[in-house]
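Step one of this worksheet: look at the structure below.
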Amino acid sequence: MSFYGSLEKDNSINIYINDRLYNINDKGKGECEIILIDNSHISFSETYKQNQSKRAIIIDITLAWNDSINNLSIDSLFELAKDIHLLADIYWIESLSIIDLSNNIQLGEILKSTFRTRLQNELALGYY
Numbered sequence: 009m010s011f012y013g014s015l016e017k018d019n020s021i022n023i024y025i026n027d028r029l030y031n032i033n034d035k036g037k038g039e040c041e042i043i044l045i046d047n048s049h050i051s052f053s054e055t056y057k058q059n060q061s062k063r064a065i066i067i068d069i070t071l072a073w074n075d076s077i078n079n080l081s082i083d084s085l086f087e088l089a090k091d092i093h094l095l096a097d098i099y100w101i102e103s104l105s106i107i108d109l110s111n112n113i114q115l116g117e118i119l120k121s122t123f124r125t126r127l128q129n130e131l132a133l134g135y136y
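Residue numbers (our numbering): 9 to 136.
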């Protein structure tokens, strides 16, 4: 196996966005899904079965916020949405789906407002 082949297997990085540290795991190719997880969903990232026709960017907010998504204040949810938007800009993602494993309705509304035309359709903001 070449050096570059081994890099393709582990696409997990830690990145600072607006001075907050996030763990990002980028898997697959094709249409993009951004999946938000926190400390209550850690095992999801390890067990997630990649759909071959989609790209999944799993964002673990645990390092940045030290809390679960459902415990964040409205102000923090707005800041989280800004961070996700900046990440989508950094990755040059034009069209995407966002999945929030915590099913936070307030965050969902904020993300709809933040991403407007970039969401693939009305149902592109999903919950598990």
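Backbone N, C-alpha and C fix where the C-beta goes; we use that ideal spot for every residue, glycine too.
Under DSSP, E41 shares a beta bridge with A64, S105. Under the criterion of beta carbons closer than 8 Å, I23 and I32 qualify as touching, at roughly 6 Å. Residue state for S20 is assigned as strand, using DSSP reduced to three classes. Taking a 10 Å sphere around the C-beta of I113, we find fewer than 16 other C-beta atoms and assign the residue as exposed.
A direct Cα-Cα distance of roughly 8 Å separates I69 from L29.
Judged by DSSP in its simplified three-state form, D97 adopts helix. Between the C-alpha atoms of I66 and K37 there is a straight-line separation of about 13 Å.
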